[in-house]
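A.B. asks:
2 protein chains.
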Amino acid sequence: MHSSGSPSPSAPLPSPDKQRQSIGIFDSGVGGLTVVSAVHRLLPREDIIYFGDTGRVPYGNKSPEMIIQYSLQISRFLISQGVKAVVVACNTATAHALSSLRASLSVPVMGVVVPGVEAALSATRNGRVGIIGTYGTIQSGAYQKALLARRPDVQLTAIPTPLLVPLIEEDWLTHAATHLVLAEYLSPIQAARCDSLVLACTHYPLAKGVIGSIMGEDVTLVDSADNMARDLARRLETDNLLRPAEDIHTGRIRLHVSDLPTQFATLARRFLGVRVGAIDKVVLD
Amino acid sequence: MHSSGSPSPSAPLPSPDKQRQSIGIFDSGVGGLTVVSAVHRLLPREDIIYFGDTGRVPYGNKSPEMIIQYSLQISRFLISQGVKAVVVACNTATAHALSSLRASLSVPVMGVVVPGVEAALSATRNGRVGIIGTYGTIQSGAYQKALLARRPDVQLTAIPTPLLVPLIEEDWLTHAATHLVLAEYLSPIQAARCDSLVLACTHYPLAKGVIGSIMGEDVTLVDSADNMARDLARRLETDNLLRPAEDIHTGRIRLHVSDLPTQFATLARRFLGVRVGAIDKVVLD
C-alpha cells in the first residue's frame, strides 16, 4: 500500500503522535540537503531528520547491490529514530534501491526520480527532454525508463556530467573553467533542441545559474529538490500525515552523518541555505 | 625493526619461499595502480597483489580514524594472502595510517610520502618546493612536516587541487577546461618560483604532461610512483627480500577491489599501462 499514491479508504486516521513524527531524508552525502532545504521551505512546521552517508560517498560509482545494502541500513536507522516517511534524496539510490526499500519498510518511501520526470513532462512543449546526472544515475536508465513509460514518443538526450559535483563542492561555479566544462557537457542537449532539462542530481540546483546562462531562458530547468518537496507535501496530505494544524511549531532540522570531514559544516551551510545546528556522527551497523 | 631502513645484522636471511612472496600494494581506489606500474617496470620479476578500496573511495575527505581503520583492514587482507611487504600507495592513508600499520604488521611497511620528499629535496636548487594533492593530504601536513624535518629552511607552497582527480578519471587531460583549472591551481606555485613540484597524489603522474606544460621545463616534477618504486627496491634488497636471482619468472599482477564499478577495468588499464587480467571483488570483514 505504501508504494501507491493514496491510502486505503478503510485505513484508520494516523494519530496526532504519528503526525508529529519527523520526515526522514537521506543521501549519499551533502547533496540531499538541497531537498531538506526545499522541504523545509514548503513545510516549515515539519521536523526533519537527515542522514548523509559521508563515510561512503559517492554512490554514483558503486554497484547496485552495494547501494541497496547501504540504503536499507540507513532507512532502518531513520525508522529507529521514529520517522513517518522516508525520502530518498539521492538519484543513484532512488534508481537502484527504491523498490527494495518499499518492500522492506512500513512507512511511505519517496524517491527523487518520479517528481522530476513528471515536472519535465509538464514543462516540455516540443517533447525533447534533456537529462544530466552522475554516471550511476544516467547508466541506471531510471529517468529514461520513467519518462518513456509515461510518454513513449518523448525524445531523450541523457548525458553523464560527473565533473559537476566536484566543481559545485569546490564552489567553482563562477570560474571560467566551470563554464567551459558545462558548455561541453550541454552541447548535445542544445544540439537536440531540448526545451526542458532535468537536473537529475541533488547537487545540481546549486549550479542552476551557470546552467541557465548556457541553456538560455527558453529551456526549463527541472530541479529535483523543489519537485520532490511538492510531491512529498501532496503525499503526506493524502495520507493524513502532516503535522496537526493546531500545533504551533517551527520545524527542526537534525543532521546525521556517517563521517564528519573538515569541510562538511561549510558545505552543509551552502547546500541548506540556513544555519546548521549540531551535526551528529552515527556508526551504522 | 621493520620501520627502520636496515635489518638487524643478526637477523637470519629470509628463506627463498619468503623471497618468492608477493609485494602487497593498496590504495583507496584506482590511483595506486600508477605505483603498481612503476614497481612492475622496476622489478619485473616480482609478483604484486593490489587492493583498491573502490567501495569506499575517496579517502581524501574522510576522517583520520576511519582511514586508519580501513588501512588496517586492507593490510590484514594482504597479509592473509602472503605478502613480504606492504606498500601504502595512497597519500592520504600514508599521512594518517603509516605509524599504526607499522605498529601492527610484522612485514616492512612503506609509504609514499618519504620517497617523494627525498626526491624533491634532491631536485631543488633554490630551496623552494611546491606540493599539490587532495585536501586530506595537504591538510594532514605530512609532506610539509617531512620536508621541514629534513631541511628546515625549505620554502613550501602547498596547494590542495581536488578537481584534478575527477579530471584525470574522466580523461579530460587534453581539454581546455583542465588547462584552465590547473593554471589557476598552479599560479601560487609559479608566483613562489618553486623549482620542484611534488605530485603528492598517485593519480597525478597521468597529468604530468599538462602540469609540465604549465610549469615549464625548469621545474622538476616529482612523481610519487617512480620514487616509491625505487625506495621499495632498495628496501627489499637491504632486507634480502628480493626474489631469488636464479628464478626465471615474470611477475604477475593480481587486482582486488572492494567494489567493481562499470568503469573500473577501463580506468585500471589506463593507470596500469598494461593489459589487466581478472579483477577479484573481495568482501572485507
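Here the protein sequences line up with chains A and B, keeping their order.
Heads up, the first sequence is in our numbering, so the first residue is 582 and it goes up one at a time.
Heads up, the second sequence is in our numbering, so the first residue is 582 and it goes up one at a time.
Glycine residues also receive a C-beta, built at the ideal position from the N, C-alpha and C atoms.
1. If the criterion is Cβ atoms closer than 9 Å, does the pair residue 658 of chain B and residue 631 of chain B meet it?
2. Just to confirm my understanding: we take residue 774 of chain A, look at its own chain, exclude 5 residues before and 5 after, and list those with CB closer than 8 Å. What are they?
3. If we cut at 9 Å on Cβ distances, does residue 757 of chain B have a partner in chain A?
4. Which residues of chain B have a Cβ atom closer than 8 Å to the Cβ of residue 769 of chain A, listed in chain order?
5. What separation, rounded to the nearest whole angstrom, lies between the Cα atoms of residue 671 of chain A and residue 711 of chain A?
6. Name the DSSP beta bridge partners of residue 632 of chain B, please?
7. Identify the continuous alpha helix (DSSP H) that holds residue 701 of chain B and give its terminal residues.
8. Need the endpoints of the beta strand (DSSP E) that residue 758 of chain B sits in, please.
9. How many angstroms separate the CA atom of residue 862 of chain A from the CA atom of residue 743 of chain B?
10. Per DSSP, what kind of secondary structure is residue 844 of chain B in: helix, strand or coil?
11. Residues of the region 619-653 of chain A with a CB closer than 7 Å to any CB of chain B: list them in chain order, please.
12. Give me the subset of the region 829-846 of chain B whose CB atoms are less than 8 Å from a CB atom of chain A, sorted by chain position.
13. Count the C-beta pairs between the region 764-782 of chain A and the region 682-701 of chain A that are closer than 8 Å, then say yes if the count reaches three, no if not.
14. Where does residue 688 of chain B fall in DSSP's three states?
15. What are the partner residues of residue 801 of chain A, as DSSP defines its beta bridges?
16. Would you grab the beta carbon distance between residue 762 of chain B and residue 758 of chain A for me? Rounded to a whole angstrom, and I think it's under 8 Å.
17. Please name the residue, chosen from A/717, A/675, A/796, that lies closest to residue 771 of chain A on a Cα-to-Cα basis.
18. Let me check understanding here. Comparing Cα to Cα, which of B/695, B/613, B/802, B/627 lies closest to residue 599 of chain B?
19. Sort out for me which residues DSSP pairs residue 828 of chain A with in a bridge.
20. Return the residues of the region 728-760 of chain A that lie within a Cβ-Cβ distance of less than 9 Å from chain B, sorted by chain order.
21. Near residue 746 of chain B, what residues of its chain come up, given a Cβ to Cβ distance below 6 Å and the 5 sequence neighbours on each side ignored?
22. Establish whether the CB of residue 765 of chain A and some CB of chain B are separated by less than 9 Å.
23. Can you name the residues of chain A whose CB is closer than 7 Å to the CB of residue 720 of chain B?
24. For a test of the three-state rule: what should DSSP assign to residue 783 of chain A, helix, strand or coil?
25. Can you give me the start and stop residues for the beta strand (DSSP E) that residue 739 of chain A sits inside?
26. Tell me which same chain residues have a C-beta within less than 7 Å of the C-beta of residue 814 of chain A, skipping the five on either side of it?
C.D. replies: Quick look at the numbers:
1. Their beta carbons are not under 9 Å apart, which means residue 658 of chain B does not touch residue 631 of chain B by this criterion.
2. 707, 709, listed in sequence order.
3. Yes, because at least one Cβ of chain A sits closer than 9 Å to the Cβ of residue 757 of chain B.
4. Chain B residues near residue 769 of chain A: none, gap ~16 Å exceeds 8 Å.
5. Our two residues, residue 671 of chain A and residue 711 of chain A, have alpha carbons roughly 19 Å apart in a direct line.
6. Answer is B/607, B/837.
7. Segment 694-704, the alpha helix (DSSP H) holding residue 701 of chain B.
8. That residue, residue 758 of chain B, is in no beta strand (DSSP E); its alpha helix (DSSP H) goes 757-772.
9. Their Cα atoms are separated by approximately 24 Å.
10. Three-state DSSP puts residue 844 of chain B in coil, outside helix and strand.
11. Under the 7 Å Cβ criterion, the region 619-653 of chain A contributes 636, 637, 642, 643, 644, 647.
12. For chain A, the residues of the region 829-846 of chain B that bring a beta carbon within less than 8 Å of one of its beta carbons are 840, 841, 842, 843, 844, in chain order.
13. Segments in contact, yes.
14. Coil, per DSSP.
15. Note: residue 801 of chain A is bridge-paired with A/777 in the DSSP secondary-structure output.
16. Taking a contact as a CB-CB distance under 8 Å, the pair residue 762 of chain B and residue 758 of chain A counts as one, their CB atoms being some 5 Å apart.
17. Distance check between residue 771 of chain A and each of A/717, A/675, A/796 places A/796 closest, using alpha-carbon atoms only.
18. Just measuring C-alpha positions, the residue of B/695, B/613, B/802, B/627 sitting nearest residue 599 of chain B is B/627.
19. According to DSSP, residue 828 of chain A bridges with nothing at all.
20. Hits within the stretch, in order: 743, 744, 746, 747, 748, 750, 751, 753, 756, 757, 758, 759, 760.
21. Beyond the five residues adjoining it in sequence on each side, residue 746 of chain B comes within less than 6 Å, by CB distance, of 784 in the same chain, given in chain order.
22. Chain B contact via Cβ: present.
23. Within 7 Å Cβ-Cβ: 843.
24. DSSP places residue 783 of chain A outside both helix and strand once states are collapsed to three, so it counts as coil.
25. Start and end: 736-741.
26. If the five residues before and after residue 814 of chain A are omitted, its C-beta is found closer than 7 Å to the C-beta atoms of 623, 624, all from its own chain and listed in chain order.
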